[in-house]
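A.B. asks: I'd like to ask you about the structure that follows.
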Ligand code: AMP
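In this note's numbering, the protein residues as written are 932 to 1067.
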């Protein structure tokens, strides 16, 4: 995998406001936060996203997300967090090194969820069947 800006942060080649580190993961503040305290959690190992990450690396990343989410919430006096992650450009991934966003939220009115649509139950049943058959 090619170097990304996050690999450079892992190697301390560029600065970051690091909040947590262990053998497998690193967490640092997002340089353009959606809200104060917006933190990114990454594996030190360079994996692109959910489509190539191995179970052990993902488990380590999620352990760190779980560990620091309450600290992110409490440090800014928030009441909840979004835990968000984008995978491939079509889904908004800009930095191609797996990462989870932890975004503190104070109030339900600060944001709107994406638009949802009704689905005919037959369409849903067909899609569910297709996904079941495609799981490797
Ligand atoms: P995305 O790939 O769309 O999930 O988001 C990448 C995130 O990385 C964005 O929220 C950026 O603001 C953030 N970002 C990019 N470069 C840096 C950096 N050098 N330090 C901290 N955050 C960064």
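A virtual CB, placed ideally from N, CA and C, is assigned to each residue, including glycine. This structure is a prediction, so every number in the text was calculated from the model and none was measured.
Give every residue of the same chain whose Cβ lies closer than 7 Å to the Cβ of residue 996, excluding the five residues on either side of it in the sequence, and list them in chain order.
C.D. replies: Cβ within range, chain order: 972, 1014, 1031 and 1033.
A.B. asks: Give the secondary structure of residue 943 by DSSP, where H, G and I count as helix, E and B as strand, and everything else as coil.
C.D. replies: Three-state result, residue 943: coil.
A.B. asks: Say whether the segment 944 to 955 touches the segment 974 to 993, bearing in mind that this needs 3 or more beta-carbon pairs closer than 8 Å, one atom from each stretch.
C.D. replies: Short answer: they touch.
A.B. asks: What did DSSP end up calling residue 1000 once you bin it into helix, strand or coil?
C.D. replies: Correct three-state label for residue 1000: helix.
A.B. asks: Could you tell me which residues DSSP puts in a beta bridge with residue 1059?
C.D. replies: Answer by DSSP bridge pairing: none, since residue 1059 is not bridged.
A.B. asks: According to the Cβ coordinates, are residue 1000 and residue 1012 closer than 8 Å?
C.D. replies: In this structure, residue 1012 lies closer than 8 Å to residue 1000 by Cβ.
A.B. asks: As a quick exercise: from 1043, 1004, 1067 and 979, pick the residue whose alpha carbon is nearest that of residue 1028.
C.D. replies: Residue 1028 has its Cα closest to that of 979, out of 1043, 1004, 1067 and 979.
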